[in-house]
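Residue numbers (our numbering): 28 to 556. Just below is one structure, and these are the notes that go with it.
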Amino acid sequence: MRTLLVYPRFPPSFWSFEPILRLVGKKALMPPLGLLTVAALLPEGWECRLADRNVGPVSEADWDWAELVLVSGMLAQRSDLHQVIDEARDRRKPVVVGGPYASALPDRVRDAGADFLVLDEAELSLPAFLDALAAGATGGTFTARGAKPELIATPPPRFDLLDLDAYDSMCVQFSRGCPFLCEFCDITVLYGRRPRTKTPAQMLAEYDRLYALGWRGPVFIVDDNFIGNRKAARELLRETAHWQARHGYPFHFDTEATIELADDQQLLDLMVACKFGAVFIGIETPDEASLARTGKHQNLRSPLDSSVRRITRAGIRVMAGFIVGFDHEEPRADERIVEFIERTAVPTAALSMLQALPGTALWQRLERENRLREESPSANQTSLTNFVTTRPIEQVASEYVNAFRRLYDPIAFLDRTWRYFLEFGADRDSAGPKAVASRSVDWTGVRALLTVVWRQGVKRRSRWVFWHHLVSILRHNPEAWEHYLVVCAHNEHFLVFRELIQHEITAQVRLRTVARTAGRAEPEEGRPT
């Protein structure tokens, strides 16, 4: 069976980094790991091609070649996913859709014209689809019905289908599931509360495949909580450290984890030894009352400020997530979030408006309270909440936009980044010998850094601040200078994105206000029904 795996486009987002990707000659941040895993689960003998629409359009030659089209995507990709279905049906190609969006809202994908829905995790639902297809079925829905597969039999993804040069980073997955019950999070809905992991041998086999294909550089471990099973994470890290040393440290890793990472020095030391560079952590809000109401109790066990500093001083950069729009949030949430970020000096702070995602405890509660709005939830930062807020939406939106503008002002960003990297890695000697990779000169990277230095060190009004901070880093923490410049480069994207945030959010608030003024059936935020 000639199978075309199509990955829909993402809209511009906080994490899309388009200006940076152009600087380094890449087309997308990371490849579609889910589709690569599905390709590995298909029967031996099936021919597969990957078409990532974030890299480029699907060619007519690929459309003509295909006998079957497989599509997977997240909520943020829903618009282009529907477009892919339309294009496939126009060419009379049978369409199979799976992934988080289809699993969360199957009726919407079915109504969009998908022939087959393969829901939940493919290890369990894909075999039934394959049997039905072999029996001549022309449509149907296949689900794991709540069952969760163990990952010890999951094969390595089909990395060979990729154009490696198109991507800034590769990605692998070690675990699925998270033990926590945050009200707004859909991870437990999709993957359950028991973290299931691959074995270290499986992960090393995936490293070997990437290495054999010639990949050198960033590898993102896409787990939603890498330390959900700490014992298994330690075992993997020990084996990864040996693998890295044997191969000359060809990869540097990033991942996601809970703030509890700060309380486990052994885990921190192992991650540093494996050459982990950054970790994304959901701080959500410095307001303890909001954290308690939303069930984020793990963020209340230790002071957030000191936890962030411990991870920073270990030599792992914290990227922090924040949310505006919690129920009963006190006014001036923007000031409290900005104050926390400035106090901890975290350079990369991702802000989002709270979204009620299908199946979550938040979704169910708001549905009971008749507070869900008709529009689909969004996993992007450019959308208002999809529910009636307990504060006026104009107030929430204004604070959200203001926080973005303040955090990514050129001078504020440079000041924060400078202060962060003065402290970065201050305690890293506790991890033992530092991992040092042998490296060749990457002229594309050199050109990108020179471009950033030209823009930030010559053209902008913040140029004297840039040079002062760079010289200070070279004097006081010289091992961090490259990290510092790379993070400085990120503001090439954030400067553009904060303008997009202001434009999109302001326009959506205006539309809601006009709808209420015109007497349409618009619920009034701040007075939930």
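Cβ atoms here follow ideal geometry from the backbone N, Cα and C, with glycine treated the same way. Quantities reported herein were computed from a predicted structural model and do not represent experimental measurements.
Element boundaries [beta strand (DSSP E), containing R344]: Within the sequence shown, residue 344 is the residue found at index 317, counting from 1. Where R344 is concerned, the enclosing beta strand (DSSP E) stretches over 344-351.
Enumerate in chain order the residues of its own chain whose CB-to-CB distance from W42 is below 6 Å, with the five nearest sequence positions on each side excluded. Position 15 of the sequence shown, counting from 1, holds the residue named residue 42. Residues of the same chain with their beta carbon placed closer than 6 Å to that of W42 are lacking, with the five preceding and five following residues left out of the count.
Assign A66 to buried or exposed, taking buried as 16 or more other Cβ atoms, counted over all protein chains shown, within 10 Å of its Cβ. Counting from 1 along the sequence shown, the entry for residue 66 is found at position 39. Buried: at least 16 other Cβ atoms inside 10 Å.
Starting from the C-beta of F414, find all residues in its chain whose C-beta is less than 7 Å away, skip the five residues before and the five after it, and write them out in chain order. For the purposes of this step, residue 414 is taken as residue 387 along the sequence shown, with counting starting at 1. If you ignore the 5 residues before and after F414, its C-beta comes within less than 7 Å of the C-beta of A383, L393, R398, L399, R400, all in its own chain and listed in chain order.
Touching by the beta-carbon criterion (3+ pairs, under 8 Å), the stretch 411-425 and the stretch 468-487: Here the stretch 411-425 makes no contact with the stretch 468-487; the two share fewer than three CB pairs at distances below 8 Å.
Looking only at its own chain, which residues have a Cβ that is under 7 Å from the Cβ of R466, when we skip the five neighbours before and after it? Translated into the one-based positions of the sequence shown, residue 466 becomes position 439. Residue placement at R466 is flagged as unreliable, the pLDDT there being 47, under the threshold of 50; a coordinate-derived value is accordingly withheld.
Quick check: the Cα distance between K302 and L288, rounded to an integer number of angstroms? For this step, residue 302 is matched to residue 275 along the sequence shown. For this step, residue 288 is matched to residue 261 along the sequence shown. Their backbone Cα atoms lie some 16 Å apart in a straight line.
According to DSSP, is E148 helix, strand or coil? Start at 1 with the first residue of the sequence shown, and residue 148 comes out as number 121. Three-state DSSP puts E148 in coil, outside helix and strand.
Are the beta-carbon atoms belonging to E315 and L327 less than 9 Å from one another? For this step, residue 315 is matched to residue 288 along the sequence shown. For this step, residue 327 is matched to residue 300 along the sequence shown. The Cβ atoms of E315 and L327 sit closer than 9 Å to each other.
Over the uninterrupted alpha helix (DSSP H) stretch that includes F201, give me the two end residues. Here residue 201 refers to the residue found at position 174 when the sequence shown is read from its first residue. Bounds of any alpha helix (DSSP H) do not take in F201, whose DSSP letter is neither H nor E.
So which of G125, W445, L95, I368 has the shortest CA-CA distance to M559? Any question about residue 559 goes unanswered here, given that the chain covers just 28 to 556.
Helix, strand or coil, according to DSSP, for Y435 in the structure here? Working through the sequence shown from its first residue, we reach residue 435 at position 408. If DSSP states are grouped into helix, strand and coil, Y435 belongs with coil.
Are the Cβ atoms of C198 and P58 separated by less than 9 Å? Along the sequence shown, read from residue 1 onward, the residue named residue 198 stands at position 171. Along the sequence shown, read from residue 1 onward, the residue named residue 58 stands at position 31. Contact: yes.
Out of L157, E150, D158, A129, which one is the CA nearest neighbour of L6? There is no way to answer for residue 6, as the model of the chain reaches only from 28 to 556.
From V514, Y194, I214, H355, residue whose alpha carbon lies closest to that of T417: Here the question's residue 417 lines up with position 390 in the sequence shown. For T417, the nearest C-alpha among the options comes from H355.
What's the C-alpha gap between S317 and I350? Counted from its first residue, the sequence shown places residue 317 at position 290. Counted from its first residue, the sequence shown places residue 350 at position 323. Between S317 and I350, the alpha-carbon positions lie close to 10 Å from each other.
I'd like to know if the stretch 427-445 and the stretch 361-377 are in contact, where contact means that at least 3 CB-CB pairs between them fall below 8 Å. Flag = yes, the stretch 427-445 and the stretch 361-377 touch.
G304: which of Y276, L389, E421 sits nearest, CA to CA? One-based indexing of the sequence shown puts residue 304 at position 277. The shortest Cα separation from G304 among Y276, L389, E421 belongs to Y276.
Beta-carbon proximity list for Y238, same chain, < 7 Å, skipping 5 on both sides: Counting from 1 along the sequence shown, the entry for residue 238 is found at position 211. Answer for Y238: H274, P277, listed in chain order.
For my contact list, K225 and F201 are in at a C-beta cut-off of 8 Å; report their separation, rounded to the angstrom. Position 198 of the sequence shown, counted from the first residue, corresponds to residue 225. Position 174 of the sequence shown, counted from the first residue, corresponds to residue 201. Going by Cβ atoms, the distance from K225 to F201 rounds to 6 Å, so yes, they are a contact pair.
Tell me, to the nearest whole angstrom, how far the beta carbon of V98 is from that of P35; I am working on the premise that it is less than 8 Å. Counted from its first residue, the sequence shown places residue 98 at position 71. Counted from its first residue, the sequence shown places residue 35 at position 8. The Cβ separation is near 7 Å, so the contact holds.
Which one of V365, E366, I420 has the shortest CA to CA distance from M380? Here the question's residue 380 lines up with position 353 in the sequence shown. For M380, the nearest C-alpha among the options comes from I420.
Could you give the residue range of the beta strand (DSSP E) that holds H279? Taking the sequence shown and counting its residues from 1, one reaches residue 279 at position 252. For H279, the enclosing beta strand (DSSP E) starts and ends at 278-284.
Excluding the 5 residues preceding and the 5 following V463 in the sequence, name in chain order all residues of the same chain whose CB lies nearer than 6 Å to its CB. Here residue 463 refers to the residue found at position 436 of the sequence shown. Legend: pLDDT at V463 = 45, less than 50; position of this residue unreliable, no value from coordinates given.
At the level of alpha carbons, what is the spacing between T267 and V541? Working through the sequence shown from its first residue, we reach residue 267 at position 240. Working through the sequence shown from its first residue, we reach residue 541 at position 514. The straight-line gap from Cα to Cα measures roughly 56 Å.
Exposed unless 16 or more other CB atoms sit within 10 angstroms - verdict on R539: Translated into positions along the sequence shown, residue 539 becomes position 512. It is buried - the Cβ of R539 has at least 16 other Cβ atoms within 10 Å.
Using a Cβ-Cβ cut-off of 9 Å, state whether F211 counts as contacting chain C. You won't find chain C in this structure, because it holds only one protein chain.
Rounded straight-line distance, which links the Cα of P404 to that of D213: Here residue 213 refers to the residue found at position 186 of the sequence shown. Here residue 404 refers to the residue found at position 377 of the sequence shown. Spanning the two alpha carbons is a distance of roughly 12 Å.
Rounded to the nearest angstrom, how far is the Cβ of L389 from that of A341, given a contact under 8 Å? Reading the sequence shown from its first residue, position 362 is the one you call residue 389. Reading the sequence shown from its first residue, position 314 is the one you call residue 341. Contact doesn't hold; Cβ gap of about 33 Å is too wide.
DSSP three-state label for F524, please. In the sequence shown, residue 524 corresponds to position 497, counting from 1. DSSP places F524 in helix when its eight states are reduced to three.
Nearest-angstrom Cα separation, counted from K258 out to G140: Locating residue 140 in the sequence shown gives position 113, counting from the first residue. Locating residue 258 in the sequence shown gives position 231, counting from the first residue. So the two alpha carbons sit approximately 44 Å from each other.
Name the DSSP bridge partner or partners of V480? Within the sequence shown, residue 480 is the residue found at index 453, counting from 1. DSSP, once it has assigned bridges, lists no residue as partnering V480.
Nearest-angstrom Cβ-Cβ length linking L32 and L102, presumed shorter than 8 Å: In the sequence shown, the residue the question calls residue 32 occupies position 5. In the sequence shown, the residue the question calls residue 102 occupies position 75. Wrong, their Cβ atoms sit about 19 Å apart, outside the cutoff.
Starting from P133, follow the beta strand (DSSP E) in both directions and report where the run begins and ends. For the purposes of this step, residue 133 is taken as residue 106 along the sequence shown, with counting starting at 1. P133 -> not in any beta strand (DSSP E); alpha helix (DSSP H) instead, spanning 133-138.
Beta-carbon separation of F44 and H517 under 9 Å? Working through the sequence shown from its first residue, we reach residue 44 at position 17. Working through the sequence shown from its first residue, we reach residue 517 at position 490. Cβ distance < 9 Å, so F44 and H517 count as in contact.
What are the start and end residues of the alpha helix (DSSP H) that includes L188? By one-based count along the sequence shown, residue 188 stands at place 161. From DSSP, L188 is part of no alpha helix (DSSP H); its letter is neither H nor E.
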